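Participant:
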Amino acid sequence: MSWVVAAAVAFGPVVTSAMPQPLAPEDAPLGRADAVTVVRDLFGLKADEPKVLTGSFLFKTDGFVAGARCPLEGIRDTRCGEFAWRPSSVSVYRHSVIAAVSGHLARNRLVVVDMFSQSAGVSFSTLHGILVFPGAEVKGRDKPAFAWYLTRLGRSLGLRLADVTGDGALDLVYGYSQRFGGGLDVVARDVWTLKGMSPAKILSSGEKLSGVFLSTFDGVPLHDDGPTTIGRGTFTLIATGPGKPDVMLFEKARLAGRGSSWEVHVVADIEGEWIEYLTGAPAGASTWGTQVEVDGEPGPDCTPEEIPPGLGIEARRSLLDIESACRAARAASTGRDRSAGVPLVDFVRKLFAAARARLGRLPATSLALEESASSSLTDAWPAAWPLSVAISLHVAISAHGEYCRAFDPRFAECPERLSDTLWYFPAFLPLRLPFDRVKKALLRPFRGERIRLTPLGN
């Protein structure tokens, strides 16, 4: 069973009858006193006065007041047990909202926190997530629920609210980052429901697998940056009607050059059960980080499940557009390529499929097809090189934009520059080499003497 189905089925059926619309969220910026309540009263930590940053309050901490083993003793339905984890610093974000999360008439206060531990191993050095208080105020004695993660050098990136399940209560769409060994940076986006103050993850980008020396990410994150390629994805909610669960559309592009590829996952509630409604990927391609099969049946050929009765015309049209765009992308990806000696035909096919994909709500798939089209012109260089550069530049700018959209400036600034993205693309290699040489030449006079780490003569 694939990663999305495993996460979605674990949640079980949802109520699909018409429910009142949840109350609109209210911005309620967190004050210093509330941040102190979270750190000292709720987590029970010995903390200095907070440092006020642009988007958060930063606390330096030194153990627990009452000798607890971890900061979860004050959390609803949670006990530390044998789990020992002591924070060294806590960031409590100033952006906070009051929203109907535990029920459609509830007024829950949502507070985002990041905790870092210098005493814990690197693979589980951060504990972060969203506190959900039963009322509109921040009170340590109220036993809030906590949608939390224990990750390797992770942090919060954003929080969005939407009634994904159609049950009249808002759900949490939470973005976070992690850093792994081997130069892999991951941006993930998960969906949580807290109906009745009981946290449950209904869509997961994947889980962290910890080993003795390093950690890996098992799943398909929204974005990831590796040593030689980058992954850029989108996550879209498609409304299906009042009181009905949204359709969740996730797609991923693997860039850049000849190895560019894509995959599409559509998760929907079909007659009370969350299933992978449609999966698409290039035929014969080894899709990155996921097994695109459902119950042992081959699934990446863009074949959808039966559309359930009662689905509105707009939702049906959206699903059909996605299916059509997916099939066009698959047909272009499995056609004749540059090795067959017809790069121009391959180029036109992929650009046409890229346009179809963008019209069919698949922008990341469109980027993968565009970059693949650019690489189809390699045999026609240098005459076709300017065209390759123009196409790859559009892909790089769009990929950079998708990446930065995952970073809510109220939580974190986008750390990547466009120039960082450009160097992944082969079309820019003729520009990169002279640029690197000029850069080294300009910086050489400012480097000074090299520091020796061993005495002379050793």
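Every position in the sequence shown, counted from 1, becomes a number in the working numbering once 379 is added.
Here a beta-carbon is modelled for each residue, glycine too, at the ideal position from N, C-alpha and C.
None of the values given here were measured: they were computed from a predicted structure.
(1) According to DSSP, is LEU838 helix, strand or coil?
(2) According to the Cβ coordinates, are ALA548 and PRO401 closer than 8 Å?
(3) With a cut-off of 8 Å on the beta carbons, I'd call VAL418 and PHE443 a contact; round off their distance for me.
(4) Based on the DSSP secondary-structure assignment, which residues constitute the bridge partners of GLU461?
(5) If you follow the alpha helix (DSSP H) that HIS773 is in, where does it begin and where does it stop?
(6) Taking 8 Å as the threshold (C-beta atoms), are ALA541 and LEU573 in contact?
(7) For the segment 628-654, list the beta strand (DSSP E) runs that are entirely contained and at least 3 residues long, ordered along the chain.
(8) Could you name the residues that DSSP lists as bridge partners for PHE436?
(9) So, SER504 versus ARG534, is the Cβ gap smaller than 8 Å?
(10) What's the gap between the Cα of SER577 and the Cα of LEU510?
(11) By DSSP, does SER754 sit in helix, in strand, or in coil?
(12) Quick one: what does DSSP say ASP799 is sitting in, helix, strand or coil?
(13) Per DSSP, what kind of secondary structure is ARG715 in: helix, strand or coil?
(14) For ARG448 and LYS425, I'd like the C-alpha separation in whole angstroms.
(15) From SER777 to GLU516, what distance separates their C-alpha atoms?
(16) According to DSSP, which residues form a beta bridge with HIS602?
(17) Please name the residue in GLY500, LEU808, ARG789 whose C-alpha comes closest to that of VAL476.
(18) Is DSSP giving THR572 helix, strand or coil here?
(19) Buried or exposed for GLY545, going by 16 or more other Cβ atoms inside 10 Å?
(20) Can you tell me the Cβ-Cβ gap for ARG709 and GLY659, rounded? I've got them flagged as a contact below 8 Å.
(21) Indicate the three-state DSSP secondary structure (helix, strand or coil) for ILE617 in the structure shown.
(22) My parser needs the beta strand (DSSP E) runs of 3 or more residues fully inside the segment 463-547; what are they?
(23) Counting pairs of beta carbons, one from the segment 748-765 and one from the segment 721-735, are three or more of them closer than 8 Å?
(24) Closer than 8 Å is the cut-off here; do at least three beta carbon pairs connect the segment 480-492 with the segment 453-463?
(25) Three-state secondary structure (DSSP) at ARG455?
(26) Assuming GLY739 and ILE701 make a contact with CB atoms under 8 Å, what is their CB distance in whole Å?
(27) Mapping the DSSP letters down to three states, classify PHE559 as helix, strand or coil.
(28) Report all residues from its chain with a CB closer than 6 Å to the CB of ASP564; omit the five preceding and five following residues, and keep chain order.
(29) Mapping the DSSP letters down to three states, classify ILE581 as helix, strand or coil.
(30) Hey, how far is the Cα of GLU684 from the Cα of PHE786?
(31) In three-state terms, what does DSSP make of VAL724?
(32) Can you tell me the Cα-Cα spacing of ARG520 and PRO621, whole angstroms?
(33) Where does GLU685 sit, in a helix, a strand or coil, going by DSSP?
(34) Across which residues does DSSP place ASP406 in a beta bridge pair?
(35) Residues in its own chain within less than 6 Å of PHE422 by CB, not counting five upstream and five downstream?
(36) What is the C-beta distance between GLU652 and HIS644, in whole angstroms, given that I count them as a contact (C-beta under 8 Å)?
Facilitator: Checking against the coordinates, here is how it stands:
(1) For the chain, the structure presents residues 380 to 837; residue 838 sits outside this window and is missing.
(2) yes
(3) That belief does not hold up - the Cβ atoms of VAL418 and PHE443 are roughly 11 Å apart, past 8 Å.
(4) Bridge partners of GLU461: none, in fact.
(5) 764-784
(6) no
(7) 640-649
(8) VAL431, VAL471
(9) no
(10) 12 Å
(11) helix
(12) helix
(13) Here ARG715 scores only 44 on pLDDT, less than 50, and its place in the model should not be relied on; the value that follows carries that caveat. ARG715: coil per DSSP, three-state reduction.
(14) 13 Å
(15) 41 Å
(16) VAL566, ARG611
(17) ARG789
(18) strand
(19) buried
(20) 6 Å
(21) strand
(22) 468-472, 476-478, 487-495, 505-512, 524-530, 534-541
(23) yes
(24) no
(25) coil
(26) 6 Å
(27) strand
(28) ARG558, ASP604
(29) strand
(30) 34 Å
(31) helix
(32) 37 Å
(33) coil
(34) VAL476
(35) PRO450
(36) About 16 Å separates the two Cβ atoms, so there is no contact after all.
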